[in-house]
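Enquirer: After the structure tokens below, expect a handful of questions from me.
There are 2 protein chains.
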Amino acid sequence: MGSLPSPHDLSTTFNPMDLTELSTESRLVTDFITQYYQTLETRPVQPLVKPGFLTSQLPEDAPFYGESMEEILSDVNEKIVPGLTHWQSPNFHAYFPASSSNAGLMGELLCSGLSVIGFTWSSSPAATELENVVVDWMAKMLNLPPCFQFSGGGGGVLHSNTCEAVLCTLAAARDKTMERVGDDKINKLVVYCSDQTHFTIHKGAKLIGIRPKNIKSLTTRRENEYGLCPNDLRNAIEADMKAGLVPFYLCGTIGTTALGAVDPIKELGKVVREYDLWFHVDGAYAGSACICPEFQHYLDGIELADSISMNAHKWLLSNLDCCFMWLRSPKTLIQSLAAEGTFLKGGSEMMVDYKDWQISLSRRFRAIKMWVVIRRYGVSNLIEHIRSDVSMAARFEEMVRAASDRFEIVFPRKFSLVCFKLRSNKKMVNGRKFNDDEYEGVKPSRDSELTRELMEKVNSSGKAYLSGVQMGRIFFIRCVIGSSLTEERHVDNLWKIIQETARSIMP
Amino acid sequence: MGSLPSPHDLSTTFNPMDLTELSTESRLVTDFITQYYQTLETRPVQPLVKPGFLTSQLPEDAPFYGESMEEILSDVNEKIVPGLTHWQSPNFHAYFPASSSNAGLMGELLCSGLSVIGFTWSSSPAATELENVVVDWMAKMLNLPPCFQFSGGGGGVLHSNTCEAVLCTLAAARDKTMERVGDDKINKLVVYCSDQTHFTIHKGAKLIGIRPKNIKSLTTRRENEYGLCPNDLRNAIEADMKAGLVPFYLCGTIGTTALGAVDPIKELGKVVREYDLWFHVDGAYAGSACICPEFQHYLDGIELADSISMNAHKWLLSNLDCCFMWLRSPKTLIQSLAAEGTFLKGGSEMMVDYKDWQISLSRRFRAIKMWVVIRRYGVSNLIEHIRSDVSMAARFEEMVRAASDRFEIVFPRKFSLVCFKLRSNKKMVNGRKFNDDEYEGVKPSRDSELTRELMEKVNSSGKAYLSGVQMGRIFFIRCVIGSSLTEERHVDNLWKIIQETARSIMP
Chain Z
1 MGSLPSPHDL
11 STTFNPMDLT
21 ELSTESRLVT
31 DFITQYYQTL
41 ETRPVQPLVK
51 PGFLTSQLPE
61 DAPFYGESME
71 EILSDVNEKI
81 VPGLTHWQSP
91 NFHAYFPASS
101 SNAGLMGELL
111 CSGLSVIGFT
121 WSSSPAATEL
131 ENVVVDWMAK
141 MLNLPPCFQF
151 SGGGGGVLHS
161 NTCEAVLCTL
171 AAARDKTMER
181 VGDDKINKLV
191 VYCSDQTHFT
201 IHKGAKLIGI
211 RPKNIKSLTT
221 RRENEYGLCP
231 NDLRNAIEAD
241 MKAGLVPFYL
251 CGTIGTTALG
261 AVDPIKELGK
271 VVREYDLWFH
281 VDGAYAGSAC
291 ICPEFQHYLD
301 GIELADSISM
311 NAHKWLLSNL
321 DCCFMWLRSP
331 KTLIQSLAAE
341 GTFLKGGSEM
351 MVDYKDWQIS
361 LSRRFRAIKM
371 WVVIRRYGVS
381 NLIEHIRSDV
391 SMAARFEEMV
401 RAASDRFEIV
411 FPRKFSLVCF
421 KLRSNKKMVN
431 GRKFNDDEYE
441 GVKPSRDSEL
451 TRELMEKVNS
461 SGKAYLSGVQ
471 MGRIFFIRCV
481 IGSSLTEERH
491 VDNLWKIIQE
501 TARSIMP
Chain L
508 MGSLPSPHDL
518 STTFNPMDLT
528 ELSTESRLVT
538 DFITQYYQTL
548 ETRPVQPLVK
558 PGFLTSQLPE
568 DAPFYGESME
578 EILSDVNEKI
588 VPGLTHWQSP
598 NFHAYFPASS
608 SNAGLMGELL
618 CSGLSVIGFT
628 WSSSPAATEL
638 ENVVVDWMAK
648 MLNLPPCFQF
658 SGGGGGVLHS
668 NTCEAVLCTL
678 AAARDKTMER
688 VGDDKINKLV
698 VYCSDQTHFT
708 IHKGAKLIGI
718 RPKNIKSLTT
728 RRENEYGLCP
738 NDLRNAIEAD
748 MKAGLVPFYL
758 CGTIGTTALG
768 AVDPIKELGK
778 VVREYDLWFH
788 VDGAYAGSAC
798 ICPEFQHYLD
808 GIELADSISM
818 NAHKWLLSNL
828 DCCFMWLRSP
838 KTLIQSLAAE
848 GTFLKGGSEM
858 MVDYKDWQIS
868 LSRRFRAIKM
878 WVVIRRYGVS
888 NLIEHIRSDV
898 SMAARFEEMV
908 RAASDRFEIV
918 FPRKFSLVCF
928 KLRSNKKMVN
938 GRKFNDDEYE
948 GVKPSRDSEL
958 TRELMEKVNS
968 SGKAYLSGVQ
978 MGRIFFIRCV
988 IGSSLTEERH
998 VDNLWKIIQE
1008 TARSIMP
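Which chain is which? The protein sequence lines are Z and L, in order. Numbered per the working numbering, the first sequence spans residues 1 to 507. Numbered per the working numbering, the second sequence spans residues 508 to 1014.
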């Protein structure tokens, strides 16, 4: 840590909250962020760096003496920014969006500035109550039935992410089930999901002690648009019960990761009610779209679910992190998660103590961020934001479809995710010529090879960033429209780049 | 959601990242925060509000049209701020501090502004590498042995909070143990902690499927300064093994919640190594103090631990949230937590994919915040900050000791937490007079009653905020010095208020 301090350095009192400094530095940082956004469009979306590139540029030890904000920002600019994948770039179409906005940023600033912790109602009453209000607001925006709202006997909470939400509901469902079947039966418990469900459910179930072999991914099929088939679920439950296992949890999805597929909530709900499973609905990405009336039919039957989660930080302009979770019976969750330290004794039943709704004790004041975002933009603009992305995705999908000589849509788009691949026409593979029948056998892998090559070339150009999925024998590209800065011209340009790249590898 | 939009409202394109607006609004919000801090000292630390006070003031539905930032901030000021417990007040001495700073706030602003997600190295390389650098920096600042540093074969990660860190290590230890003893043995696994350990360990262990009766809180004693006794641990392990159980995890603490007690790390470490338990050391609050050489002896023997966690957001000026965790064998953790989605395939062993070091997939860019805090202040100022708080706490403790006619220190202060209670001298309880012998029997509960009354009166005055603990028959007050704004005059004034209030209830 370097040499000892000279007397000079420690002579003045250190004041980490000097308000004049706060004003100067916040201007510096805001200007920096503004410049970052101004130049974002022209930056390579994914950096061309090798592992160790940054570690090797930074000192091995922390500085002993403080440095100026100017020096720090200069290093951010020269060393760090060039090594970032720019999730906010208008040319970022990989994974799912993490959509930022001015209101999201201002909400985060307020959250960090006030820096209160509402783990119990009394530890900061307004923090808890604002969260109660915001989760009810959003429940109504999505047209969730009153049973998921505080005003209707249910309630909600803001977690950091879906895995936290899923983990908490899994634990609640496990404990409720073990109360019924005996607390030595954890090895018998079975979780269901589909082969399209996000791996979060596997991770969460494993974390709460479910045996990996009892986490069952039911196969989905093209004829069901890759939604989980209710009959398959029923058959699996019956078979497992016959084998002495205890089915206890189902995770359905609105907008799966790979394809944006939707599980049939109502039909699945009927099955789980019959067998008394906990039914969680994960709307991490596409749940947000249900603020638009035209998407709300995907939630039909949601009153049969026990819990729902949705990441506002994905598509609702809320910056990282903010995951909504609603429950029909918060009491079941609280029974599982409540743990009392004597100095944290909660109050009456009238008060919500959010420490009992989540994994941790401390928590950020995310509610104020969400409240700022919703108020600043209003439901109307949030709807417009979703519709605009969906319409740009539809435009992109149309362009891909129109180029059917080379491209193929692998799954009909439901939201703002377009899944496509290359279609090779030349019956020449690795220098060998195939006839039609033979060719059908090698085609998927040949198409996959070319599609992967296409994606990698586009990504390494820095002009756009896409991700892909290997599903069975087929590799396809996922193009998500969702960055707050993406305009129609970016989508048109993306398509131009993809076509040019495709021509270069498949002339 | 109100009436339909008029055509006018949706005619202009909605731009959630207008840069002129960003500049204007960030000034508004920064000014708001500055004014908040300017008035913080005079605000009642805990608000006098009743459940429902805020819910009843806010509309039941989200606004359909957007509102201006001025309107929103005016509501924050008039409706929300008066209902907050002000954790950043210089008169806040409850729980543990959640220390803010200008650098912490600027770090959060950069984190939210850049808004990247480094769940794998390749999903934003600089985010991952900066985190590698920062956890190594902090490891060296605490003088942790090289085995916990990336540069020495270990490594670290930034979680949101201690419960996440503990949960991850519990899962890793569980899976490692079950590999050895069989995956049907989860009901046999035993976790050890002391009766002073934070309830997080109970919550975490229950979450990963450990039976509540197998989570064993060993009783601590005054003669060991409420540290966990190594012999008690050994006896418990031996007894449990004889009973067919499988001891697998110990949580030790540096700076317990109630008292700031410290478990004897080296002696406990020797026992756990003998029986091959996972040894986690929780330094949530007082771990930070070990950046000062005079506190580093508490870490003696830390090389015998498997993992260590420390909340920088408590005492290291880092705003919520940031919990450091270091591991000797990251591989064991990764084996337990890795779950692959095909579109998230990680890279070579040279790259750290942080999704496999934590519960969730998405994650905030906390590393840039910590990096800004450490660079802006340097190790020297961070040390000064800790020392200044400790010295103010020592001053407070001295004043309490000097007033031994009425007050009693219940546990010798180690860091910046002072635990004290009232000492009643009048042998009159509920109107009845007692002789000396009889009185010894009723004294603790009488003292506790008065101490609780003292705390509640001070808290309801709004002039300061303290928390208390009921430990056995004794209730005492915890006074933590740690708010970034607290100066000596606040501590002196706090003592004045406490004395006056004590006189009013015990003339």
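Ideal Cβ placement from N, Cα and C applies to all residues, glycine included.
Between which residues of its own chain and Pro-771 of chain L is the CB-CB distance below 6 Å, once the five residues before and five after are set aside?
Expert: For the purposes of this step, residue 771 of chain L is identified with residue 264 of the second sequence, where counting begins at 1. The answer, listed in chain order, is Gly-734.
Enquirer: How many Å lie between Asp-860 of chain L and His-490 of chain Z at the Cα?
Expert: Here residue 860 of chain L refers to the residue found at position 353 of the second sequence. Here residue 490 of chain Z refers to the residue found at position 490 of the first sequence. If you take the alpha carbons of Asp-860 of chain L and His-490 of chain Z, they lie about 30 Å apart.
Enquirer: Alpha carbon to alpha carbon, how far is Ile-809 of chain L from Arg-728 of chain L? Give it in angstroms, no decimals.
Expert: The count along the second sequence starts at 1 and reaches residue 728 of chain L at position 221. The count along the second sequence starts at 1 and reaches residue 809 of chain L at position 302. When rounded, the distance between both Cα atoms is 23 Å.
Enquirer: DSSP on Thr-219 of chain Z, reduced to helix/strand/coil?
Expert: Along the first sequence, one-based indexing puts residue 219 of chain Z at 219. Reduced to three states, the DSSP call for Thr-219 of chain Z is coil.
Enquirer: Assuming Ser-667 of chain L and Cys-830 of chain L form a contact by the criterion Cβ under 8 Å, report the distance between their Cβ atoms to the nearest whole angstrom.
Expert: For the purposes of this step, residue 667 of chain L is taken as residue 160 along the second sequence, with counting starting at 1. For the purposes of this step, residue 830 of chain L is taken as residue 323 along the second sequence, with counting starting at 1. Right, the Cβ-Cβ distance comes to about 6 Å (below 8 Å), so this counts as a contact.
Enquirer: Would you please state the rounded distance, in angstroms, between the beta carbons of Leu-19 of chain Z and Gln-545 of chain L? I believe it to be under 8 Å.
Expert: Translated into the one-based positions of the first sequence, residue 19 of chain Z becomes position 19. Translated into the one-based positions of the second sequence, residue 545 of chain L becomes position 38. Their Cβ separation, rounded to whole angstroms, is 7 Å, which keeps Leu-19 of chain Z and Gln-545 of chain L in contact under 8 Å.
Enquirer: So with CB distances below 7 Å, who are the chain Z contacts of Gly-716 of chain L?
Expert: Against the second sequence, residue 716 of chain L aligns to sequence position 209. Here the neighbours are Ile-186, Ile-208 and Gly-209.
Enquirer: Find the residues of chain Z that neighbour Gly-573 of chain L, judging by a C-beta separation of less than 8 Å, and give them in chain order.
Expert: To locate residue 573 of chain L, count along the second sequence from 1; it is residue 66. Correct list: Arg-375, Arg-376, Tyr-377, Gly-378, Ser-380 and Asn-381.
Enquirer: Is the distance from the Cβ of Ile-744 of chain L to the Cβ of Tyr-782 of chain L below 8 Å?
Expert: In the second sequence, the residue the question calls residue 744 of chain L occupies position 237. In the second sequence, the residue the question calls residue 782 of chain L occupies position 275. In contact: Ile-744 of chain L and Tyr-782 of chain L (Cβ atoms closer than 8 Å).
Enquirer: Can you find the residues in the same chain that come closer than 6 Å, C-beta to C-beta, to Ser-869 of chain L, ignoring five residues on each side of it along the sequence?
Expert: Residue mapping note: residue 869 of chain L aligns to position 362 of the second sequence, counting from 1. Closer than 6 Å at Cβ, skipping near neighbours: Ile-624.
Enquirer: Looking at the unbroken alpha helix (DSSP H) that takes in Ser-869 of chain L, where does it start and where does it end?
Expert: Counting from 1 along the second sequence, the entry for residue 869 of chain L is found at position 362. No alpha helix (DSSP H) holds Ser-869 of chain L; DSSP gives it neither H nor E.
Enquirer: For Glu-532 of chain L and chain Z, any beta-carbon pair shorter than 8 Å?
Expert: Position 25 of the second sequence, counted from the first residue, corresponds to residue 532 of chain L. For Glu-532 of chain L, the answer is yes, since a Cβ of chain Z falls inside 8 Å of its Cβ.
Enquirer: Among the residues of its own chain, which have a CB less than 7 Å from the CB of Leu-612 of chain L, if the five just before and after it don't count?
Expert: What you label residue 612 of chain L is simply residue 105 of the second sequence in a count that begins at 1. Asn-826.
Enquirer: Alpha carbon to alpha carbon, what distance is there between Thr-30 of chain Z and Ser-533 of chain L?
Expert: Here the question's residue 533 of chain L lines up with position 26 in the second sequence. Here the question's residue 30 of chain Z lines up with position 30 in the first sequence. Distance between the alpha carbons of Ser-533 of chain L and Thr-30 of chain Z: 7 Å.
Enquirer: May I ask which residues mark the beginning and end of the alpha helix (DSSP H) holding Arg-980 of chain L?
Expert: Numbered from its first residue, the second sequence carries residue 980 of chain L at position 473. Note, Arg-980 of chain L: premise wrong, no alpha helix (DSSP H); not H, not E.
Enquirer: Alpha carbon to alpha carbon, how far is Leu-677 of chain L from Ile-717 of chain L? Give it in angstroms, no decimals.
Expert: Along the second sequence, one-based indexing puts residue 717 of chain L at 210. Along the second sequence, one-based indexing puts residue 677 of chain L at 170. Roughly 10 Å between the two C-alpha positions.
Enquirer: What residues of chain L sit near Lys-140 of chain Z, judged by a beta carbon separation below 9 Å?
Expert: In the first sequence, the residue the question calls residue 140 of chain Z occupies position 140. In chain order: Met-508, Glu-567, Asp-568 and Ala-569.
Enquirer: Any beta carbon from chain Z within less than 8 Å of Pro-512 of chain L's own beta carbon?
Expert: As a first step, residue 512 of chain L must be located in the second sequence, where it is residue number 5. Bear in mind that the predicted position of Pro-512 of chain L carries a pLDDT of just 41, short of 50, making it unreliable; the figure below should be weighed with that in mind. Yes, contact with chain Z.
Enquirer: Are the Cβ atoms of Val-379 of chain Z and Phe-603 of chain L separated by less than 8 Å?
Expert: Reading the first sequence from its first residue, position 379 is the one you call residue 379 of chain Z. Reading the second sequence from its first residue, position 96 is the one you call residue 603 of chain L. No, these two residues do not count as a Cβ contact at 8 Å.
Enquirer: Is any non-hydrogen atom of the ligand ATP found closer than 7 Å to the C-beta of Gln-35 of chain Z, if you look at the structure I gave you?
Expert: Ligands displayed in this structure: none; no statement on the ligand ATP is therefore possible.
Enquirer: Restricting to runs no shorter than 4 residues, where is the alpha helix (DSSP H) found entirely within the segment 659-711 of chain L?
Expert: You should have 669-688.
Enquirer: Could you pull the start and end residues of the beta strand (DSSP E) that Glu-636 of chain L belongs to?
Expert: For the purposes of this step, residue 636 of chain L is taken as the residue at position 129 of the second sequence. Run containing Glu-636 of chain L: none in the beta strand (DSSP E); it sits in the alpha helix (DSSP H), 632-648.
Enquirer: Using alpha carbons as the reference points, say which of Z:Ala-239, Z:His-198, Z:Thr-128 and Z:Leu-277 lies closest to Thr-191 of chain Z.
Expert: For the purposes of this step, residue 191 of chain Z is taken as residue 191 along the first sequence, with counting starting at 1. Just to set this straight, residue 191 of chain Z is Val in the shown sequence, not Thr. Of Z:Ala-239, Z:His-198, Z:Thr-128 and Z:Leu-277, the residue nearest in Cα terms is Z:Leu-277.
Enquirer: Per the DSSP calculation, His-787 of chain L is bridged to which residue(s)?
Expert: Within the second sequence, residue 787 of chain L is the residue found at index 280, counting from 1. Its beta-bridge partners are L:Cys-758 and L:Ser-814.
Enquirer: Pairing CB atoms from the segment 84-94 of chain Z with CB atoms from the segment 50-63 of chain Z, are three or more of them under 8 Å?
Expert: Taking 8 Å as the limit for Cβ pairs, the verdict is that the segment 50-63 of chain Z does not touch the segment 84-94 of chain Z.
Enquirer: Less than 8 Å between the C-beta atoms of Arg-920 of chain L and Phe-655 of chain L, yes or no?
Expert: Your numbering for residue 920 of chain L matches position 413 in the second sequence. Your numbering for residue 655 of chain L matches position 148 in the second sequence. For Arg-920 of chain L and Phe-655 of chain L, no; Cβs fall outside 8 Å.
Enquirer: Looking at the structure shown, is Tyr-95 of chain Z part of a helix, part of a strand, or coil, going by DSSP?
Expert: For this step, residue 95 of chain Z is matched to residue 95 along the first sequence. In the structure shown, Tyr-95 of chain Z sits in coil (DSSP, three-state: anything other than H, G, I, E or B).
Enquirer: If the criterion is Cβ atoms closer than 8 Å, does the pair Lys-964 of chain L and Ile-893 of chain L meet it?
Expert: Taking the second sequence and counting its residues from 1, one reaches residue 964 of chain L at position 457. Taking the second sequence and counting its residues from 1, one reaches residue 893 of chain L at position 386. Not closer than 8 Å, so no.
Enquirer: What does Ile-579 of chain L touch in chain Z if you count any residue whose Cβ is under 7 Å from its own?
Expert: Here residue 579 of chain L corresponds to residue number 72 of the second sequence, with the count starting at 1. Residues of chain Z passing the Cβ test: Val-372, Arg-375 and Arg-376.
Enquirer: Quick check on the burial criterion: 16 or more other C-beta atoms within 10 angstroms. Buried or exposed for Gln-865 of chain L?
Expert: Position 358 of the second sequence holds residue 865 of chain L. Buried, since its Cβ has 16 or more Cβ neighbours within 10 Å.
Enquirer: Once the 5 residues before and after Asn-584 of chain L are set aside, which same chain residues still bring their CB inside 8 Å of it?
Expert: On the second sequence, residue 584 of chain L is found 77 positions in, with the first residue counted as 1. Closer than 8 Å at the Cβ level, and outside the excluded window around Asn-584 of chain L, lie Phe-539.
Enquirer: Would Thr-839 of chain L count as contacting chain Z if we go by Cβ distances under 8 Å?
Expert: Stepping through the second sequence from its first residue, residue 839 of chain L is reached at position 332. Chain Z, which has no Cβ nearer than 8 Å to the Cβ of Thr-839 of chain L, makes this no.
Enquirer: Residues of chain Z with a CB under 8 Å from the CB of Gln-545 of chain L: which are they?
Expert: Looking up residue 545 of chain L in the second sequence gives position 38. Those within 8 Å of Gln-545 of chain L in chain Z are Leu-19.
Enquirer: Ser-123 of chain Z touches chain L at which residues, Cβ-Cβ below 7 Å?
Expert: Taking the first residue of the first sequence as position 1, residue 123 of chain Z is located at position 123. By Cβ distance, chain L contributes Thr-592.
Enquirer: Would Pro-16 of chain Z count as contacting chain L if we go by Cβ distances under 8 Å?
Expert: Position 16 of the first sequence, counted from the first residue, corresponds to residue 16 of chain Z. True, the Cβ-Cβ gap to chain L drops below 8 Å.
Enquirer: Strictly under 8 Å for the Cβ-Cβ distance: is Asp-860 of chain L near chain Z by that measure?
Expert: Within the second sequence, residue 860 of chain L is the residue found at index 353, counting from 1. No, Asp-860 of chain L lies away from the interface with chain Z (no Cβ there is under 8 Å from its Cβ).
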